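Visitor: My questions will all concern the structure given below.
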Amino acid sequence: MTDRSLWSYKDIAAHIRVQPDTVRSYRKHGLLPPPDQVTSGKPYWYADTIRVWVAGRPGNRARRD
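Going by the working numbering, the sequence shown runs without a break in its numbering and finishes at 288.
So this is what it looks like as structure tokens:
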């Protein structure tokens, strides 16, 4: 089942334990995936989009022996 809830900068920041401004910086520097929806000029991402993005971040990759 897919999670179709929409996350804002604040939700993403809470998920990865950083400040919302850090998430805005990630987007500004092209590190965040494009928003799934823009409402009244505000970007939102599906929770699943962010979970896939987080799984691929350097600090969260599987470690090799």
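For each residue, glycine too, the CB sits at the ideal point set by N, CA and C. If you're wondering where the values come from, they're calculated on a predicted model, not measured in any experiment.
Which residues in the same chain as Pro266 place their Cβ atom closer than 6 angstroms to its Cβ, once the five residues preceding and following it in sequence are excluded?
Guide: Taking the first residue of the sequence shown as position 1, residue 266 is located at position 43. Cβ within range, chain order: Pro258.
Visitor: Let me know if Thr245 comes out buried or exposed under the rule of 16 or more other beta-carbons within 10 Å of its beta-carbon.
Guide: Within the sequence shown, numbered from 1, the residue matching residue 245 stands at position 22. That one is exposed.
Visitor: According to DSSP, is Val261 helix, strand or coil?
Guide: To locate residue 261, count along the sequence shown from 1; it is residue 38. The answer is strand: DSSP assigns Val261 an E or B state.
Visitor: Does the Cβ of Leu255 have 16 or more other Cβ atoms within 10 Å, making it buried, or fewer, making it exposed?
Guide: By one-based count along the sequence shown, residue 255 stands at place 32. Leu255 comes out buried.
Visitor: If I'm right that Arg227 touches Tyr269 with Cβ under 8 angstroms, what's the distance once you round it to whole angstroms?
Guide: Locating residue 227 in the sequence shown gives position 4, where the first residue counts as 1. Locating residue 269 in the sequence shown gives position 46, where the first residue counts as 1. Contact holds; Cβ gap of about 6 angstroms.
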